[in-house]
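See below for the structure under consideration.
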Ligand code: PGA
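Residue numbers (the working numbering): 75 to 327.
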């Protein structure tokens, strides 16, 4: 099973800092694990990070993408531009964009369509807040986010989709979800995708990831899950050593 380790650097590093980290990651991962490693620097840093990674198997992701292909959308960056800048993936619907920038499920749906048009693989983020979780609404929220994000997506079911479950309360808190809680989430995601498309499509094209306070201390418990396809990390990915320590634990599982 293909496994992913994705680094979302958020708005933390300048171009020079991104270059330095990418260089260190490249050195650490020279004999790496059988993992698909993906780095998501900020837009202006994509090219330089991409150049640094040339000749390696490490891939590039964008942290977001525009919901339209072209035109008068000041400040936006299209999927085609990101593809040309070297990206293979784009993170879509991260909770910070949903909550801080009011990104709606409808926009997320358009962004997924844009990704497929430009041959980028979307990494769709889902997750409920602390309040929704303690109110027992997790499954309803995830179902709604998934159904709305995936309604009428022309690139499916012929392409791959990465789905990252990232409970908002676990992001940046230092308190990840218990790994065994991923099982009901996986069953839910599988049920919804199977009803929208088919079980065969789920098995062949969906890769389910977990994100939220993943660290070298807890990564092993997630890598152990036989149905989990990988991890999406942010804080721990800002240090090449801790990022690598998360990666090597995948090998031993
Ligand atoms: P974290 O963030 O690893 O810092 O908790 C994860 C994310 O926001 O994707």
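Using N, Cα and C, we set each Cβ at its ideal position, and we do this for glycine too.
*For residue 114, which beta-bridge partners are listed by DSSP?*
Within the chain shown, residue 114 is the residue found at index 40, counting from 1. Answer by DSSP bridge pairing, in chain order: 82.
*Look at residue 110 and residue 84 and say whether their C-beta atoms are less than 8 Å apart.*
Here residue 110 is taken as the residue at index 36 of the chain shown, counted from 1. Here residue 84 is taken as the residue at index 10 of the chain shown, counted from 1. In this structure, residue 110 lies away from residue 84, with their beta-carbon atoms at least 8 Å apart.
*residue 120 and residue 136 look like a contact to me (Cβ under 8 Å); what is the Cβ gap, rounded to whole Å?*
Position 46 of the chain shown, counted from the start, is the residue given in the question as residue 120. Position 62 of the chain shown, counted from the start, is the residue given in the question as residue 136. With a Cβ gap of about 7 Å, residue 120 and residue 136 count as contacting.
*Go ahead and label residue 176 buried or exposed: buried means 16 or more other beta carbons lie within 10 angstroms of its beta carbon, across all protein chains shown.*
Reading the chain shown from its first residue, position 102 is the one you call residue 176. So residue 176 counts as exposed.
_Span separating the alpha-carbon of residue 306 from that of residue 221_ = What you label residue 306 is simply residue 232 of the chain shown in a count that begins at 1. What you label residue 221 is simply residue 147 of the chain shown in a count that begins at 1. Residue 306 and residue 221: Cα-Cα distance of roughly 22 Å.
*Taking Cβ to Cβ, would you say residue 163 is nearer than 8 Å to residue 197?*
Taking the first residue of the chain shown as position 1, residue 163 is located at position 89. Taking the first residue of the chain shown as position 1, residue 197 is located at position 123. Yes; because the gap between Cβ atoms is below 8 Å, this pair is in contact.
_Contact test: residue 229 Cβ vs the ligand PLP heavy atom, cutoff 7 Å_ = The ligand PLP is not part of this structure, which contains only the ligand PGA.
_In this structure, how does DSSP classify residue 325 when only helix, strand and coil are distinguished?_
Translated into positions along the chain shown, residue 325 becomes position 251. If DSSP states are grouped into helix, strand and coil, residue 325 belongs with the helices.
_Classify residue 311: buried if its beta carbon has 16 or more other beta carbons within 10 angstroms, exposed otherwise._
The count along the chain shown starts at 1 and reaches residue 311 at position 237. Residue burial is scored here from C-beta neighbours: residue 311 has at least 16 other C-beta atoms within 10 angstroms and is therefore classed as buried.
*Taking Cβ positions, are residue 324 and residue 95 nearer each other than 8 Å?*
Translated into positions along the chain shown, residue 324 becomes position 250. Translated into positions along the chain shown, residue 95 becomes position 21. No, they are not a contact pair.
*When you compare only the Cα positions, how much space is there between residue 255 and residue 145?*
Residue 255 sits at position 181 when you count from the first residue of the chain shown. Residue 145 sits at position 71 when you count from the first residue of the chain shown. Looking at the two C-alpha atoms, the distance is approximately 43 Å.
*asked:* Measuring CB atoms only, is the segment 190-209 touching the segment 223-242, in the sense that at least three cross pairs come out at less than 8 Å?
replied: Counting Cβ pairs under 8 Å, three or more are found: they touch.
*Run of the alpha helix (DSSP H) containing residue 20, from where it starts to where it stops*: Only positions 75 to 327 of the chain appear in the structure, and residue 20 is not among them; the question remains open.
*Consult DSSP for residue 315 and reduce its assignment to one of helix, strand or coil.*
Start at 1 with the first residue of the chain shown, and residue 315 comes out as number 241. Helix.
*Go through the segment 118-201 residue by residue and report every complete run of the alpha helix (DSSP H) that reaches 4 residues or more, in order.*
DSSP runs (the alpha helix (DSSP H)) wholly in the segment 118-201: 120-127, 153-158, 169-174, 179-191.
*asked:* Between residue 245 and the ligand PGA, is there a pair consisting of the residue's CB and a ligand heavy atom that are separated by less than 7 Å?
replied: For the purposes of this step, residue 245 is identified with residue 171 of the chain shown, where counting begins at 1. Checking every heavy atom of the ligand PGA against the Cβ of residue 245, one is found closer than 7 Å.
*asked:* Just to confirm before moving on: does the CB-CB distance between residue 75 and residue 303 stay below 8 Å?
replied: Walking along the chain shown from the start, residue 75 turns up at place 1. Walking along the chain shown from the start, residue 303 turns up at place 229. Contact flag set, yes.
*Would the beta-carbon of residue 97 fall within 8 Å of that of residue 126?*
Residue numbering aside, residue 97 sits at position 23 when the chain shown is read from its first letter. Residue numbering aside, residue 126 sits at position 52 when the chain shown is read from its first letter. Going by C-beta atoms, residue 97 is nearer than 8 Å to residue 126.
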